[in-house]
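Residue numbers (our numbering), protein chains in the order written: chain A, 1260 to 1405; chain B, 1260 to 1405. The beta carbon of each residue, even a glycine, is placed where N, CA and C say it ideally should be. Have a look at the structure below, then the notes.
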DNA sequence: GGGATTTATTTCGCACGCGAACTATCTATG
DNA sequence: CATAGATAGTTCGCGTGCGAAATAAATCCC
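Quick look at the structure:
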């Protein structure tokens, strides 16, 4: 029984996430590229020149979140903001050479993280975990849907 | 077998955590008690008068984390800081009546969250998830152990 | 065409939690 | 006893991301 085990899921999720973030932050070989920042680097690695809103959607960030992330990464010279030629409101994001290099380094770190995230679990178990995490997205939606 | 699915675990964990936090924050019936704050309320509900460091350990927070949390909750009149009679450096934390009431309300919200966290998954699957989350704690330790 | 509405992004204030450095107290050791 | 070291908390600056409100450009509709 122990309702306590279930009670703990909220907490366990929180702790696991923070531990992972902290671990990644501490192991940033290249100058200060954080986990969130590598996320954006990967998005741009696949689709350079996306709109900020698209990048935000890909990372599940709202407007203020992506805006701040872009600010910091622009200041760090990892990406560039260039006006969209067709839409005066929009900005497109482009990797700088430094950003491209940082992305390559981030991939190595990600490989290490992946090993740690799956080690000791069967593929079926990892599938359960992934399915659970994905399900939580629809279970705790952004809007205030019931 | 898509290495991409594994790649996503970092991201999925991050998103699930943020979605849950956001959802809880939006559904705070009582004045502004956040998820982190309910965590401390529950700790005090079980052991009123703990040292700040003990509370931090229970919530996996470092000194600055628990210190700030206590600051905000003290300002909100949810808890009280009282000097430890035996140790001039230490402070013990106590629930205020308002804090005790907020804790009761938080429990209702937690029940709702728990339902959403487990609904649609078998007990065995939830066990896998819980085991995975716990394992991640040792996999991404606080110290810089390799 | 022009006013209302939608859309892209920014700004503000906030909560959270980290690492590093600091202060104050307690404890151990010579 | 004095002093060195350990321990409890605080403070600072930072990155992250949210909600709400503002700005500016695009679009829709009469």
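- The region 1309–1386 of chain B contains, as complete beta strand (DSSP E) runs of 3+ residues, the segments 1338–1342, 1350–1354 (chain order).
- For residue 1319 (chain A), the neighbours in chain B by C-beta distance under 9 Å run, in chain order, 1270, 1273, 1274, 1277, 1278.
- Per DSSP, residue 1399 (chain B) is not a residue of any alpha helix (DSSP H), being assigned neither H nor E.
- Taking all protein chains shown into account, residue 1402 (chain A) has fewer than 16 neighbouring C-beta atoms within 10 Å of its C-beta and is therefore exposed.
- At a cut-off of 7 Å between beta carbons, residue 1329 (chain A) makes no contact with chain B.
- One finds 1395, 1398, 1399 in chain B with Cβ atoms closer than 9 Å to the Cβ of residue 1375 (chain A), taken in chain order.
- DSSP places residue 1293 (chain B) outside both helix and strand once states are collapsed to three, so it counts as coil.
- Between the region 1291–1301 of chain B and the region 1364–1381 of chain B there are three or more C-beta pairs closer than 8 Å, enough to call the two in contact.
- Of the other Cβ atoms in all chains shown, 16 or more fall within 10 Å of the Cβ of residue 1314 (chain A); this residue is therefore buried.
- Judged by DSSP in its simplified three-state form, residue 1306 (chain A) adopts coil rather than helix or strand.
- Within the model, the alpha-carbon separation for residue 1346 (chain B) versus residue 1398 (chain A) is close to 46 Å.
- Around the Cβ of residue 1275 (chain B), a 10 Å sphere holds 16 or more other Cβ atoms; the residue is buried.
- For residue 1287 (chain B), the three-state secondary structure derived from DSSP is coil.
- By the neighbour-count criterion, in which 16 or more other beta carbons inside 10 Å mark a residue as buried, residue 1273 (chain A) falls on the buried side.
- Between the C-alpha atoms of residue 1333 (chain B) and residue 1344 (chain B) there is a straight-line separation of about 20 Å.
- Proximity of residue 1372 (chain B) to chain A, defined by a Cβ-Cβ separation below 7 Å, is satisfied.
- Residue 1313 (chain A) has a beta carbon lying at 7 Å or more from every beta carbon in chain B.
- Here residue 1320 (chain B) is not near residue 1338 (chain B), since their CB atoms are 7 Å or more apart.
- Rounded to the nearest angstrom, the gap between the Cα atoms of residue 1391 (chain B) and residue 1268 (chain B) is 12 Å.
- With respect to the C-alpha of residue 1331 (chain B), the residue from B:1341, B:1388, B:1293 having the closest C-alpha is B:1293.
- Apart from sequence neighbours up to five positions away, the residues of its chain that approach residue 1308 (chain B) with a beta-carbon distance below 6 Å are 1351, 1353, ordered along the chain.
- Using beta-carbon distances, residue 1339 (chain B) does not count as an interface residue toward chain A, since no partner is under 7 Å.
- Distance from the CA of residue 1349 (chain A) to the CA of residue 1282 (chain A), rounded to the nearest whole angstrom, comes to 35 Å.
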